[in-house]
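My numbering applies: residue 1 is where the sequence shown begins, and numbers increase by one. Glycine included, each C-beta is placed from N, C-alpha and C at the ideal position. Keep in mind the model is a prediction, meaning the values are calculated, not measured. Here the structure comes first, spelled out in structure tokens, and everything after it is commentary.
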Amino acid sequence: MDLKSFLMHKIFTLLLSVIVFISCQKQENTTPINNSKESRFSIVIHGGAGGINRDYFSTAQEEVYKNKLKESLDAGYLVLEQGGSSINAIQASITILEDSPLFNAGKGAVFNSEGKQEMDASIMNGKTLNTGAVAGINHVKNPILAANIVLDSSKHVLLSGKGAEILIKKYGIQMVPSSYFYTDKRFHQLQKIQGKDSITLDHTAFSRENSFIDDHKYGTVGAVAIDKNGTIAAGTSTGGMTNKKYGRIGDSPIIGAGTYANNATCGISSTGTGEYFIRTVAAHEVSSILKYTKASPKKALHEVIFNQIAPLGGSGGMILIDKNGDVYWDFNTTGMFRGYKKSNGESIIELFEKTSFPKNKTIK
Ligand code: ASP
1 MDLKSFLMHK IFTLLLSVIV FISCQKQENT TPINNSKESR FSIVIHGGAG GINRDYFSTA
61 QEEVYKNKLK ESLDAGYLVL EQGGSSINAI QASITILEDS PLFNAGKGAV FNSEGKQEMD
121 ASIMNGKTLN TGAVAGINHV KNPILAANIV LDSSKHVLLS GKGAEILIKK YGIQMVPSSY
181 FYTDKRFHQL QKIQGKDSIT LDHTAFSREN SFIDDHKYGT VGAVAIDKNG TIAAGTSTGG
241 MTNKKYGRIG DSPIIGAGTY ANNATCGISS TGTGEYFIRT VAAHEVSSIL KYTKASPKKA
301 LHEVIFNQIA PLGGSGGMIL IDKNGDVYWD FNTTGMFRGY KKSNGESIIE LFEKTSFPKN
361 KTIK
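In structure tokens form, the structure reads like this:
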């Protein structure tokens, strides 16, 4: 081989290696985003926001709440880990909170001005934008399962009262006598404000009276999850507000106010003075900010809670998972029962003031 052919051969080999290198690089960059997302999953839950102050809790009481939140979080996480859907995961989490008298949903629901309990719940699938919601029911043990029946098995979005219960009964969901929901403590809560023209979030009554946690159970419950397929789902369940008018429906069953999920943006569950969340269409507003601006989820939550809800006189908080599986929350109350768990091992459960935000570092 003469020098010229030798050089040509070298240049050709070099060029070939460069081409192979570049095409390998390209291959890596074009790895479908979905593939990397497949292993990502996360879940965030709340158990209500309000005057939740560290000073009112003994260490033992703090543990009771944290343990129940952990049980709920773990149940939803397990569904996701085993490849289950986010819709199933949030139901697994929420039913645990509904079955506990610690929270204002299901078993722990508050009383209305007539001394009755009327429960609201909703659920939304962020991939299909299918939703289901129930309002004013009091014979279904787990209202979130009822909301899911409306999503799955009816052409409607929101069913109320007797009509909702007739449908739900057909699908084998556990029905209970309304006496199942009675708790002495909730009833005493009502007696304290019954006859007055005011309604209270459990937590507000709690902070105002500076009473002990056992006398004033907190809040609405909610969960948001993203599964291994990148589908986001959100759900919320509540007994509403103590001494609410008979027939009053809050934000929790209102899609766009108490609950919203859209794979293109995020999933959200709200808690707080429902009327203000309805007036600001709070959950959808956050989603729209993400859709139409470059604001981060953190900024979007802050905008809606502090610049829209608070000036009207409302209070509460929201939990959020964005399309990347990152978790966010914010509230303008002293505390919010909350927790999250992600597939990268991050997990936090908190009750009180904002000491740390979800890290959202390196979700797998
Ligand atoms: N948002 C619920 C309602 O207004 C109450 C709560 O979150 O505690 O019915």
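Does the distance from the CB of residue i to the CB of residue j come in under 8 angstroms?
i: leucine 73; j: isoleucine 43; result: yes
i: alanine 234; j: tyrosine 276; result: no
i: aspartate 120; j: proline 253; result: yes
i: tyrosine 278; j: asparagine 243; result: In the sequence as presented, tyrosine is not what sits at residue 278; that position holds isoleucine. Contact flag unset, no.
i: isoleucine 365; j: leucine 102; result: The requested residue 365 does not occur in the structure, where the chain is confined to residues 1 to 364.
i: glycine 132; j: threonine 271; result: no
i: asparagine 229; j: leucine 129; result: no
i: glycine 345; j: alanine 223; result: no
i: asparagine 148; j: isoleucine 123; result: yes
i: isoleucine 96; j: valine 140; result: no
i: glutamine 308; j: threonine 265; result: no
i: glycine 258; j: glycine 274; result: yes
i: arginine 40; j: serine 347; result: no
i: threonine 334; j: glutamate 353; result: yes
i: methionine 241; j: valine 110; result: yes
i: lysine 116; j: asparagine 138; result: yes
Would you call residue i buried or exposed, if buried means 16 or more other Cβ atoms sit within 10 Å of its Cβ?
i: lysine 217; result: Note that lysine 217 has pLDDT 37, beneath the 50 cutoff, so the model's placement of it is unreliable and the number below is only indicative. Buried: at least 16 other Cβ atoms inside 10 Å.
i: proline 177; result: exposed
i: tyrosine 328; result: buried
i: threonine 231; result: buried
i: glycine 313; result: exposed
i: histidine 46; result: buried
i: threonine 293; result: exposed
i: phenylalanine 206; result: Any answer about phenylalanine 206 is weak, because its pLDDT of 47 lies below 50 and its placement is not dependable; what the coordinates show is given next. By the 10 Å Cβ count, phenylalanine 206 comes out buried.
i: aspartate 152; result: exposed
i: tyrosine 340; result: buried
i: phenylalanine 306; result: exposed
i: isoleucine 33; result: For isoleucine 33, the predicted structure reports a pLDDT of 28, less than 50, and the residue's modelled location is therefore unreliable. The matter cannot be settled from this model.
i: glycine 67; result: Here residue 67 turns out to be asparagine, not glycine, going by the sequence shown. It is exposed - the Cβ of asparagine 67 has fewer than 16 other Cβ atoms within 10 Å.
i: isoleucine 289; result: buried
i: aspartate 184; result: exposed
i: threonine 59; result: exposed
i: isoleucine 321; result: buried
i: proline 311; result: exposed
i: serine 179; result: exposed
i: lysine 323; result: buried
i: threonine 71; result: Looking at the sequence itself, residue 71 is glutamate, so the reference to threonine does not match. Classification for glutamate 71: exposed.
Is the closest heavy atom of the ligand ASP to the C-beta of residue i under 7 angstroms?
i: aspartate 330; result: no
i: threonine 271; result: yes
i: asparagine 104; result: yes
i: threonine 242; result: no
i: glycine 256; result: no
i: serine 72; result: no
i: glycine 219; result: yes
i: threonine 238; result: yes
i: serine 252; result: yes
i: glycine 48; result: yes
i: phenylalanine 274; result: Here the sequence assigns glycine to residue 274, which means phenylalanine is not the residue at that position. For the ligand ASP, at least one heavy atom lies less than 7 angstroms from the Cβ of glycine 274.
i: glycine 316; result: yes
Am I right that residue i and residue j are in contact with their C-beta atoms under 8 angstroms? What's the rounded C-beta distance?
i: lysine 107; j: glutamate 98; result: 7 angstroms
i: glycine 136; j: glycine 247; result: 7 angstroms
i: glycine 219; j: asparagine 104; result: 5 angstroms
i: aspartate 326; j: leucine 301; result: The Cβ separation is near 12 angstroms, so there is no contact.
In this structure, what does DSSP give as the bridge partners for residue i?
i: tyrosine 340; result: Val44 and Ile348
i: leucine 320; result: Ile268 and Tyr328
Is residue i near the ligand MN, in the sense that its beta carbon is under 7 angstroms from a heavy atom of that ligand?
i: lysine 192; result: This structure lacks the ligand MN; its bound ligands are the ligand ASP.
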